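Taking it in order: structure first as structure tokens, then the write-up.
4 protein chains.
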Amino acid sequence: MTDGANQATNTIDVAVFGAGRIGRIHAANLARQPGVRLKYVVDVNREAAAALAAEHGAQVADIDGAMGDASIGATVICSSTDTHADLIVQSAAQKKHVFCEKPVDLTLARAQACAEAVGRAGVVCMIGFQRRFDPTFSALKARLDAGEIGTPEMLVVTSRDPGAPPVDYIRHSGGIFKDMLIHDFDIFRWILDDEADTLHATGSCLSDPAIAEAGDIDSTAVTIRTKRGRLCQINTARRAAYGYDQRFEVLGSTGMLQAGNVRPTEVTAYSKTEVSSDVPEAFFLERYRAAYAHEIAHFFDAVTHGKPVRTTVADGLKALELAEAASRSWREGRAVKLGEAS
Amino acid sequence: MTDGANQATNTIDVAVFGAGRIGRIHAANLARQPGVRLKYVVDVNREAAAALAAEHGAQVADIDGAMGDASIGATVICSSTDTHADLIVQSAAQKKHVFCEKPVDLTLARAQACAEAVGRAGVVCMIGFQRRFDPTFSALKARLDAGEIGTPEMLVVTSRDPGAPPVDYIRHSGGIFKDMLIHDFDIFRWILDDEADTLHATGSCLSDPAIAEAGDIDSTAVTIRTKRGRLCQINTARRAAYGYDQRFEVLGSTGMLQAGNVRPTEVTAYSKTEVSSDVPEAFFLERYRAAYAHEIAHFFDAVTHGKPVRTTVADGLKALELAEAASRSWREGRAVKLGEAS
Amino acid sequence: MTDGANQATNTIDVAVFGAGRIGRIHAANLARQPGVRLKYVVDVNREAAAALAAEHGAQVADIDGAMGDASIGATVICSSTDTHADLIVQSAAQKKHVFCEKPVDLTLARAQACAEAVGRAGVVCMIGFQRRFDPTFSALKARLDAGEIGTPEMLVVTSRDPGAPPVDYIRHSGGIFKDMLIHDFDIFRWILDDEADTLHATGSCLSDPAIAEAGDIDSTAVTIRTKRGRLCQINTARRAAYGYDQRFEVLGSTGMLQAGNVRPTEVTAYSKTEVSSDVPEAFFLERYRAAYAHEIAHFFDAVTHGKPVRTTVADGLKALELAEAASRSWREGRAVKLGEAS
Amino acid sequence: MTDGANQATNTIDVAVFGAGRIGRIHAANLARQPGVRLKYVVDVNREAAAALAAEHGAQVADIDGAMGDASIGATVICSSTDTHADLIVQSAAQKKHVFCEKPVDLTLARAQACAEAVGRAGVVCMIGFQRRFDPTFSALKARLDAGEIGTPEMLVVTSRDPGAPPVDYIRHSGGIFKDMLIHDFDIFRWILDDEADTLHATGSCLSDPAIAEAGDIDSTAVTIRTKRGRLCQINTARRAAYGYDQRFEVLGSTGMLQAGNVRPTEVTAYSKTEVSSDVPEAFFLERYRAAYAHEIAHFFDAVTHGKPVRTTVADGLKALELAEAASRSWREGRAVKLGEAS
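Residue numbers (the numbering used here), protein chains in the order written: chain D, 1 to 342; chain F, 1001 to 1342; chain W, 2001 to 2342; chain L, 3001 to 3342.
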């Protein structure tokens, strides 16, 4: 039983760490996969763990209980960021496949240790960059790869949240580049299929002075030039009054592809003064509902059939490197070269 | 146990009749309702029944077996149209609540008998006009009811299929007005909140002469004037090369509301010659995926909590009357008055 | 000097009849044509005539003065509808080419007399169906003719004014079908390239009871079935709260073409609750600004180079026949056959 | 006759320098202004000058002739960039008002000399940043100023040409930042109503190696942080396969405003595979047709009524400073501070 799967029934038993909102989404999605069974829910909040376990006929466990059960074939890590690295390393040690929410860790050193651990163990480790599984984004990527717009030359990413999280959260978030732009850095690498050569980041705190007091900013403008000379601009804001704004566009040598927002309904209203439609889906849970379902299906498909995963721990590391470079660029007020001594 | 619900567990056991594509959708949706259990699948095609039953841990039964089981609290009827009336009447006789796909029956007389049977039995009988549960359509209706565009005055419905069904199906379909426009007639009544006074229908067979040979048409243009003088135009076609087209718009005294199609993705492509986006969702199973889920949830919510259903057997009768009037108008080449001796 | 053109300078001298808003538009547009000179402005309102004449270095004249001047090569008739027929006949008698606003006349008999007069005289007579010159509409027509959507099968026309004219105007307008839908009937013939076989019209007075008292309606729904079995639905309203709404769509055997409204600007605004853009151009003067310029250029190009005009007096007659049929259908509550004894 | 206007008739006589495509557009637009007369056309290409003069009943002159004629009240300078400064200075010396195409000059020193010359002379000097007169852009600006989205915080500008000019043109253009982004820098200042504090520019040559050989790039990504901490990102490309792309969006504290492209027609086509509409207007002559008309009207309105102009020579200087800063940033691979010793 080298891969932890339950051979008798060909069912993979799973432990979910973290019963918060993203944990509940992954639990519901994995419960729908044929051949996958949610066995344990682990959370320091026992009530939350119990509620989620009950919903899916699973049991509450603690970390050791879940990690120590040889029948568990895969772990799904949705707990707080500071627990990710330990849980990944433990999973790897127990030869359990791992799905872990981003980021791997807030420090490159620990993230690299994770990469090495899963590499040594030979287990699958997928990082939850769910945007790559968004139907619009993945359709765009497929068309790009099919050559529809020739060679990609420029990427413009707009990534804005509907509102800033509590300042207390921000204080422990690793800063906007690691907490929020980590996704955009992954989009950059995935879409342009190239690595950053230089990066420039600037930003401001415009919505709430408390964010500045916490040492962070809420609005950023990042520019990346890749090794092949391709250009990427990312603009982000913690607060877009009209909601969650997740778009990007790729200019290619023979055309352009745009990925737009999703609207709750297709109602258009005509009044005396304007023609209006819905604002975008409210936030990530709504916008990426389908993406979350697809990524979990992808993970278990990879685990079951020995296929590669689309978002590896190496991708997590690369995104983290970009976040660190952005942070340095912003703090030092200069463009930085990736790989320069930091 | 007057309402057939399983009192011990507060679970409603359900029998699904018909294991075709719509039966499979309803089965999957009802299996997701808390407190609802799929117990039997009934289909003359035993293999299809067995496959669907296996997927949800249910059993295969025949009509008598399912109807005779007092623990069955509700039936979900997705079998062929000619079986609807009998199954509704039997369900009513057994005091089982009924969810039945449209149309109730191809004849008004039998449909009326169904209405009387469920009325006498005091059971819930919901007809599957799923469009009323489409997120876009129901959001529009709510805004209309809230007075956003004043008094509704004119309704324009565009309802086109991506392609005609086999001629053999058409031959037994009751004709385009009962088979296809039945949904549009229900939309008309629901949106304008009024009853037809006069109706004019015309049409042509433009896509396939075999449809004309079968005595039917594939393209229609219907106009209804309501008792309050409101106007409705419906245009339909069996074949829209670009896919399934389901739109309507309501002109009100102070504005307009439009309900548009849903697209699979929000990718926009710019080429040398055009800016393009996706064609609409392919057909009803894709376009109304959410609507089907919402209507089944609505049915079991109504059954469980004794609430009224949004689409009653009376609505089914009214839509059928309009379909009959349209058929007569088309055949006789004249506008008809609703309620005139036929 | 058979065609009335000023041979010495190769300039066509023109008399404009009517100095109202449409007269002013045509005067400004013709003044921009190379080789065309506005010589006379004729209007019972001498002040209006004088103002318009002054603006373009022209003179005020009365009907006889303008018609009697042999140097006048073309007349542009923008006076009130009841003067059209006489002015056309006089122009023809004087061998002057004629551009006349729609409708030719409110009666078929007089309109036919006009057709005969211009036919005998051999002069160009173009009727001002400017919509055929709208950039969007004419681009759609060209693509349709190029076979982009195969054979046209169904046409849906939406034609709504931002508000009803004064009831006194309506009283002398010939009714909504001759006053407003005359344009839509012309669009129907032009786009489907077919003639009506049967027509059904219904309508209501929903915006202002005074319109009903004047014997007219403000909302109509017309259906036409052509000789080749093609279908057309036209919906119109005198009052669309959101402005002037001029759209149509053609379903063809291999696709669909839609002609949409034009917006004053391409600003999109995102607020907390909606994404909004401009309402359509306010009314015909704004929406059809380019169309008016194109049609006048087309007229003088035809006159100068002996080319056929796109909108002939015969088109005016056909549109009028449809308006009369619609009026009869509405009054008698029945579908009518074109060409039936009235 | 201190302001050079022709007092007898209250007509301003104008000399146009440059009979190329932009000169022809300005000539046609100014010929339409009431009270404005095109008297001279000056161009080293006498044939072009003669053709344009003939079209508007003007005369051909040389520079001295035009400048020396005291009846000339205003000059419109559309000749090659290297002539702008001299012609501005001469116009000022002759007390003639000046409309001059961008840029004022390729060097800051000469541009400053122009500013001083017109300042001393007390003449109006307007620089042709026509984008500020685009109906969409100016409507957005008015709504922004009215507070519709609160405080502006972030500006994203997309500015792409349909294709690169000949390399020989590029060689003398002053580089992409002075030749192309000069407009975008003006948009930045106008929209954010703030001045740059730091600027970072990077870029690549992706479409044609000959551009790199000429020492220039064809794709740029610029980021500006303003004194108030607002952020601006500009992305430009010399070649967008789908045409001329001129958009920007402003994120404000309470919403967002987007300015989109203009399409030649509002036709939408549905095929088996896609829903498509027109690509944007082809290039600046088409896209900014209305803007050119508005800016000339604005100039003569300012001259006639002594009003301030919207785009002054000071604006031209500021845009040039930004272009120089961008050029330096790109060449040196670092963010620069505006006003730093260069």
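All C-beta atoms in this analysis are idealised placements derived from N, C-alpha and C, irrespective of residue type, glycine included. Because the structure is a prediction, the values reported are computed rather than measured.
{"Item": "Near-chain D residues of the segment 1253-1273 of chain F (beta-carbon distance less than 8 Å), N- to C-terminal order", "Value": "Thr1254, Gly1255, Met1256, Leu1257, Gln1258, Ala1259, Gly1260, Asn1261, Val1262, Pro1264, Thr1265, Glu1266, Val1267, Thr1268, Ala1269, Tyr1270, Ser1271 and Lys1272"}
{"Item": "Cβ of F/Gln1007 within 8 Å of any chain W Cβ", "Value": "The predicted position of F/Gln1007 is uncertain, since its pLDDT is 43 and thus under 50; no value can be drawn from it."}
{"Item": "CB contact flag (F/Leu1338, F/Thr1198, <8 Å)", "Value": "yes"}
{"Item": "Cβ neighbour criterion (16 or more within 10 Å) applied to L/Ala3109", "Value": "exposed"}
{"Item": "Residue interval of the beta strand (DSSP E) (run including W/Asn2261)", "Value": "Segment: none, W/Asn2261 is in no beta strand (DSSP E) and carries neither H nor E."}
{"Item": "W/Asp2315, buried or exposed, once every other Cβ within 10 Å from all chains shown has been counted against 16", "Value": "buried"}
{"Item": "Bridge partner(s) assigned by DSSP for D/His97", "Value": "D/Ala74"}
{"Item": "Chain-ordered neighbours of L/Ala3139 on chain W, where CB pairs are closer than 7 Å", "Value": "Thr2265 and Val2267"}
{"Item": "Straight-line gap, D/Thr220 to D/Asp168 (C-alpha atoms, nearest Å)", "Value": "20 Å"}
{"Item": "Residue ranges of each beta strand (DSSP E) within the segment 3154-3205 of chain L, 3 or longer", "Value": "3196-3204"}
{"Item": "Helix, strand or coil at L/Gln3033 according to DSSP, with G and I counted as helix", "Value": "coil"}
{"Item": "Host beta strand (DSSP E) of W/Phe2017 (start-end)", "Value": "Ile2012 to Phe2017"}
{"Item": "Distance cut-off 7 Å: W/Thr2158 Cβ against heavy atoms of the ligand ZN", "Value": "In the structure on display, the ligand ZN does not appear, and there are no ligands present to speak of."}
{"Item": "Any C-beta of chain L under 8 Å from that of D/Arg225", "Value": "yes"}
{"Item": "CA-to-CA distance, L/Val3279 to F/Leu1231, given in whole angstroms", "Value": "37 Å"}
{"Item": "Contact list for the segment 3213-3241 of chain L against chain F, Cβ threshold 7 Å", "Value": "Ala3241"}
{"Item": "Beta-carbon proximity check, L/Val3041 vs L/Ala3049, cutoff 8 Å", "Value": "yes"}
{"Item": "Chain-ordered residues of the segment 136-162 of chain D with a beta carbon less than 7 Å from chain W", "Value": "none"}
{"Item": "Spatial distance of L/Ile3072 from L/Gln3090 (CA atoms)", "Value": "13 Å"}
{"Item": "Chain-ordered neighbours of L/Val3279 on chain F, where CB pairs are closer than 9 Å", "Value": "Tyr1270, Ser1271, Lys1272, Thr1273, Glu1274 and Val1275"}
{"Item": "Minimum Cβ-Cβ distance from D/Leu251 to chain L less than 8 Å", "Value": "yes"}
{"Item": "Segment contact, 8 Å Cβ cut-off, at least three pairs: the segment 1154-1170 of chain F with the segment 1209-1224 of chain F", "Value": "yes"}
{"Item": "Cutoff 8 Å: F/Leu1181 Cβ touching any chain W Cβ", "Value": "no"}
{"Item": "Contact with chain W by F/Ala1210, beta-carbon distance below 8 Å", "Value": "no"}
{"Item": "Cβ-based neighbour list, D/Leu251, same chain, cut-off 6 Å, excluding 5 preceding and 5 following", "Value": "Glu153 and Met154"}
{"Item": "Straight-line Cα distance separating L/Glu3295 from F/Ile1191", "Value": "49 Å"}
{"Item": "Under 8 Å between C-beta atoms of L/Cys2985 and L/Ile3063", "Value": "No answer is possible for residue 2985 of chain L: the residues shown for chain L start at 3001 and end at 3342."}
{"Item": "Which of helix, strand or coil DSSP assigns to W/Ala2335", "Value": "coil"}
{"Item": "Chain-ordered chain F contacts of W/Leu2206 [CB-CB under 7 Å]", "Value": "Glu1153 and Gly1229"}
{"Item": "Interface flag, F/Gly1073 vs chain W, CB-CB below 8 Å", "Value": "no"}
{"Item": "Near-chain L residues of the segment 325-338 of chain D - C-beta to any C-beta below 7 Å", "Value": "Gly333, Arg334 and Ala335"}
{"Item": "Any chain F beta carbon closer than 8 Å to W/Thr2202", "Value": "yes"}
{"Item": "8 Å contact criterion, which F/Ala1326 and F/Ala1164 should meet: CB distance rounded", "Value": "Not a contact, Cβ separation roughly 18 Å."}
{"Item": "C-beta atoms of L/Ile3012 and L/Phe3300 nearer than 8 Å", "Value": "yes"}
{"Item": "Outcome for D/Glu340 when other beta-carbon atoms lying within 10 angstroms are tallied against a minimum of 16", "Value": "exposed"}
{"Item": "Residue of D/Ile88, D/Lys96 and D/Asp82 minimising C-alpha distance to D/Ala70", "Value": "D/Lys96"}
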